[in-house]
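In this text, residue positions in the sequence shown follow my numbering: the first is 6, and each later residue adds one. We put the CB at the ideal spot given by N, CA and C, even for glycine. Just so you know, these numbers come straight off a predicted model, no measurement behind them. Below: the structure, in structure tokens.
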Amino acid sequence: MHPDMKPLIDAALADGVITDKERSILHKKALALGVDVDELDMILDGKLHQMKQAEQPSAPEPKAKAAKPDNSTCSACGAAPSPHSLICDYCGTQVAEIASPEDELAAVEQLSAAAQKVAETRPAFNFDGLLYANHEASKEVRVATFWQNCYLPNTLPAASKLLLQIISQINTVPGTAHIDGQPIARANAIYLPRIRAILAGITMNASGDDMPKLMLLKEEVERAERGAAHAADMAKKKMILMWVGTGIFCFVVFGGIGGLFNCS
Ligand SMILES: [Zn+2]
């Protein structure tokens with residue numbers, strides 16, 4: 006190909022298509038330079054074909070993240086986390102390098118999604134060994150155990166996001182936190198020390214500028230604690246009322262029957 010043709014061909018191909026006008030200009034130039042027009046067309050069509058091929062996504066490209074450390078098995082629970090996940094979907098443990106504040110936020114997002122999955126999937130017991138460590142049957146305790154053992158971020162934005170996420174799990178509806186030993190009460194008993202510990206960690210790492218945010222977080226933690234206590238208290242009162250009610254009912258009914266027998 007004549008060297009003077011190349012810049013023209015490149016210019017015509019720059020937008021990925023060759024219009025009739027562009028092609029006729031190229032033909033004229035080719036004739037002027039003594040280049041075979043058929044050969045020129047062949048080159049043009051070949052180049053267009055190449056460009057189209059390059060546009061189409063061929064085989065899925067290996068992601069840059071594939072170079073990260075092997076996270077195919079969680080060291081804490083032995084489950085296989087989702088590919089490219091920073092945390093284990095089953096127990097919340099960190100399974101890949103979390104290097105930046107953005108990674109930390111992404112990890113907290115992944116924890117939320119994983120906790121949802123933990124709530125929805127009742128773990129199967131298999132006799133070759135547990136599918137994963139957190140095989141508690143009640144959903145509330147399973148999710149609470151997940152948040153109890155999960156990865157903790159270091160930076161304030163991610164740590165406070167995680168803290169608020171855990172606070173939102175705490176049951177504060179009056180009368181629904183059942184008496185001791187029941188799932189909701191057990192879950193709350195896991196959450197409350199956890200949020201205290203996370204708040205303490207955040208406070209330790211915080212700088213003076215973080216104080217306003219810290220105060221808000223502290224208020225949220227205290228509100229959740231009061232809510233959980235109130236919910237448990239109301240549940241106990243409800244139980245006591247039920248027993249007293251049952252007692253009075255029995256007294257009236259059986260007392261009445263007794264009275265009938267006494268009269269006869
Ligand atoms: Zn795990």
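Item checked: Cβ-based burial, Leu31 [other Cβ within 10 Å; buried from 16] -> Along the sequence shown, read from residue 1 onward, the residue named residue 31 stands at position 26. Leu31 comes out buried.
Next item on the list: Tell me the start and end of each unbroken alpha helix (DSSP H) in the segment 178 to 232 that is at least 4 residues and wholly inside, in chain order.
Entry: 188 to 210
Item checked: Lys34 to Met10 span [Cα, whole Å] -> The residue you call residue 34 lines up with position 29 of the sequence shown. The residue you call residue 10 lines up with position 5 of the sequence shown. Rounded to the nearest angstrom, the two C-alpha atoms are 7 Å apart.
Margin query: Per DSSP, what are the beta-bridge partners of Gln99 in this structure?
Written below: On the sequence shown, residue 99 is found 94 positions in, with the first residue counted as 1. According to DSSP, which records beta bridges pairwise, Gln99 is partnered with Ile92.
Check: Below 8 Å between beta carbons: does that hold for Ala59 and Val113?
Finding: Your numbering for residue 59 matches position 54 in the sequence shown. Your numbering for residue 113 matches position 108 in the sequence shown. Not closer than 8 Å, so no.
Item checked: Cβ-heavy atom distance, Thr98 to ligand 1, below 7 Å -> Numbered from 1 along the sequence shown, position 93 holds the residue referred to as residue 98. Answer for Thr98: yes, Cβ within range of ligand 1.
Checklist line | For Cys155 and Ala111, the rounded distance between their alpha carbons | finding: As a first step, residue 111 is located in the sequence shown; it is residue number 106 there, counting from the start. As a first step, residue 155 is located in the sequence shown; it is residue number 150 there, counting from the start. Straight-line Cα distance between these residues: approximately 14 Å.
Note to self: At the level of alpha carbons, what is the spacing between Leu222 and Gly250?
What the structure shows: The residue given as residue 222 occupies position 217 in the sequence shown. The residue given as residue 250 occupies position 245 in the sequence shown. Taking the straight line from one Cα to the other gives about 42 Å.
Margin query: Just checking Tyr95 against ligand 1 - is the residue's beta carbon closer than 7 Å to any of the ligand's heavy atoms?
Written below: What you label residue 95 is simply residue 90 of the sequence shown in a count that begins at 1. Tyr95: yes, Cβ under 7 Å from ligand 1.
Next item on the list: Please list, in chain order, all residues of the same chain as Ile203 whose beta carbon is under 8 Å from its beta carbon, the five residues on each side excluded.
Entry: Here residue 203 refers to the residue found at position 198 of the sequence shown. Leu157, Ala164, Leu167, Leu168 and Ile171, listed in sequence order.
Checklist line | Close beta carbons around Thr98, own chain, < 8 Å, minus the five adjacent residues each side | finding: In the sequence shown, residue 98 corresponds to position 93, counting from 1. Same-chain partners within the cutoff: Cys79, Ser80, Ala81, Cys82, Ile92, Asn154, Cys155 and Tyr156.
Next item on the list: Using 10 angstroms around the beta-carbon of Trp248, count the other beta-carbons present and answer buried if the total reaches 16, otherwise exposed.
Entry: Translated into the one-based positions of the sequence shown, residue 248 becomes position 243. By the 10 Å Cβ count, Trp248 comes out exposed.
Notebook entry, point to check: Measuring CA to CA, which of Tyr95, Ser90 and Asp94 is closest to Glu102?
Noted result: Working through the sequence shown from its first residue, we reach residue 102 at position 97. Comparing Cα-Cα distances from Glu102 to each of Tyr95, Ser90 and Asp94, the minimum goes to Ser90.
Check: From this set, Gly261, Gln121, Ala192 and Ser212, which residue's C-alpha is nearest Asn159's C-alpha?
Finding: As a position in the sequence shown, residue 159 is number 154, starting the count at 1. Out of Gly261, Gln121, Ala192 and Ser212, Ser212 has the C-alpha closest to the C-alpha of Asn159.
Item checked: Thr150, enclosing alpha helix (DSSP H) - first and last residue -> Counting from 1 along the sequence shown, the entry for residue 150 is found at position 145. Element bounds for Thr150: Lys144 to Asn154.
Margin query: So Leu197 and Glu230 are supposed to be a Cβ contact under 8 Å. How far apart are they, rounded?
Written below: One-based indexing of the sequence shown puts residue 197 at position 192. One-based indexing of the sequence shown puts residue 230 at position 225. Right, the Cβ-Cβ distance comes to about 6 Å (below 8 Å), so this counts as a contact.
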